[in-house]
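Student:
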Amino acid sequence: MSRTGGTDLLRASNGDSRNKSLQETYAPHNACFGCGPANARGLRIRSFARGDEVVAEWQPEPHHEAFPGVMNGGIIGALLDCHCNWAAAWYLMQKTGVDRPPVTVTAEYSIKLLRPTPSDGPIELRARVVEADHRKATVEGELIAAGKVCDTCRGSFVAVEPGHPAYHRW
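Following the numbering used here, the numbering of the sequence shown begins with 50 at its first residue and continues without gaps.
#1: Report yes if the CB atom of tryptophan 219 is closer than 8 Å to the CB atom of alanine 76, and no otherwise.
#2: Run through the stretch 143–212 for me and flag every whole alpha helix (DSSP H) of 4 or more residues, listed as ranges in chain order.
#3: Since leucine 129 and glycine 91 are thought to touch, with beta carbons under 8 Å apart, how far apart are those beta carbons, to the nearest angstrom?
#4: Tell me, to the nearest whole angstrom, how far the beta carbon of alanine 137 is from that of valine 179; I am working on the premise that it is less than 8 Å.
#5: I'd like the ranges of any beta strand (DSSP E) spanning at least 3 consecutive residues and lying wholly in the stretch 81–148.
#6: Counting only the same chain and skipping the five closest in sequence on each side, list residues whose C-beta sits under 7 Å from that of alanine 80.
#7: Taking C-alpha atoms, which residue in Ser96, Ala105, Thr166 lies nearest to cysteine 199?
#8: Using three-state DSSP, classify threonine 53 as helix, strand or coil.
#9: Let's test the definition: count the other Cβ atoms within 10 Å of the Cβ of glycine 196 and tell me whether it reaches 16, buried, or not, exposed.
#10: Taking contact to mean at least 3 C-beta pairs separated by less than 8 Å, is the stretch 155–171 in contact with the stretch 115–126?
#11: Tell me which same chain residues have a C-beta within less than 7 Å of the C-beta of arginine 149, skipping the five on either side of it?
#12: Give the straight-line distance between the Cα atoms of leucine 71 and alanine 115, rounded to the nearest whole angstrom.
#13: Which two residues bound the contiguous alpha helix (DSSP H) that contains tyrosine 240?
#14: Can you say whether phenylalanine 82 is buried or exposed, counting buried as having 16 or more other CB atoms within 10 angstroms of its CB?
#15: Determine the burial state of glutamate 106: buried for a count of at least 16 other Cβ atoms within 10 Å of its Cβ, exposed for fewer.
#16: Compute the beta-carbon to beta-carbon distance between cysteine 104 and leucine 162, rounded to the nearest angstrom, for a pair I have assumed lies under 8 Å.
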């Protein structure tokens with residue numbers, strides 16, 4: 050596994066390496082630090098819709114650490130923020146019946162760092178929409194490492210309108 054692709058849970062469960070992530074499918078030229086496939090120096094998470102959740106697996110590297118063996122809180126925040134943003138976009142796309150997700154941005158976001166997050170193995174990201182209207186979704190997410198929930202978050206993500214600086218980012 051590498052940080053530039055990682056191993057996703059969907060592929061790991063069915064052996065199909067042809068699956069494209071939500072990011073690769075809908076925003077291949079996105080340069081976001083956390084989730085942009087086009088950002089060679091970014092985290093490049095790969096999120097997959099599975100049932101009512103969006104899931105991902107990602108492998109930290111030593112330069113993602115706060116100190117030896119433990120992930121940096123800012124990296125954890127970026128992973129959860131971007132992953133939850135894609136959960137919101139996917140949900141709003143499904144809810145409205147369109148063929149592409151709306152471009153969504155983070156309106157509000159909080160994270161709880163529950164325990165030191167080990168960096169010596171893959172981490173799992175899970176996110177689900179808990180509340181929504183036609184252009185806003187509230188998402189809860191968690192980061193699991195070594196079989197334990199290490200970090201949780203809750204955020205509100207809003208579909209942007211034409212004229213917003215992020216409107217054409219995907």
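Glycine residues also receive a C-beta, built at the ideal position from the N, C-alpha and C atoms.
Tutor: A quick look at the data gives this:
#1: Residue numbering aside, residue 219 sits at position 170 when the sequence shown is read from its first letter. Residue numbering aside, residue 76 sits at position 27 when the sequence shown is read from its first letter. Yes.
#2: Runs found: none.
#3: The count along the sequence shown starts at 1 and reaches residue 129 at position 80. The count along the sequence shown starts at 1 and reaches residue 91 at position 42. Rounded, the Cβ-Cβ distance is 15 Å, inconsistent with contact.
#4: Within the sequence shown, the letter at position 88 stands for residue 137. Within the sequence shown, the letter at position 130 stands for residue 179. Alanine 137 to valine 179, Cβ: 11 Å. No contact.
#5: 97–99, 102–107, 114–116
#6: Here residue 80 is taken as the residue at index 31 of the sequence shown, counted from 1. Excluding residues within five positions, the ones whose Cβ falls inside 7 Å are Ala87, Asn88.
#7: On the sequence shown, residue 199 is found 150 positions in, with the first residue counted as 1. Taking each of Ser96, Ala105, Thr166 in turn and checking the Cα distance to cysteine 199, the smallest one comes out for Thr166.
#8: Walking along the sequence shown from the start, residue 53 turns up at place 4. Below a pLDDT of 50, predicted positions are generally treated as unreliable, and threonine 53, at 37, falls in that range; the measurement from the model is reported next regardless. In the structure shown, threonine 53 sits in coil (DSSP, three-state: anything other than H, G, I, E or B).
#9: Counted from its first residue, the sequence shown places residue 196 at position 147. Under this definition glycine 196 is an exposed residue.
#10: yes
#11: Here residue 149 refers to the residue found at position 100 when the sequence shown is read from its first residue. So the list reads Tyr75, Met142, once near-sequence residues are dropped.
#12: On the sequence shown, residue 71 is found 22 positions in, with the first residue counted as 1. On the sequence shown, residue 115 is found 66 positions in, with the first residue counted as 1. Going by the C-alpha atoms only, they are around 29 Å apart.
#13: Any property of residue 240 remains undetermined from this structure, which presents the chain solely from 50 to 219.
#14: Taking the first residue of the sequence shown as 1, we reach residue 82 at position 33. Exposure of phenylalanine 82 is indicated by the presence of fewer than 16 other C-beta atoms within 10 angstroms of its C-beta.
#15: Reading the sequence shown from its first residue, position 57 is the one you call residue 106. Buried, by the Cβ-count rule.
#16: Taking the sequence shown and counting its residues from 1, one reaches residue 104 at position 55. Taking the sequence shown and counting its residues from 1, one reaches residue 162 at position 113. Checking the sequence, you will find valine at residue 104 rather than cysteine. With 8 Å as the limit, valine 104 and leucine 162 do not qualify as a contact, their Cβ atoms being about 21 Å apart.
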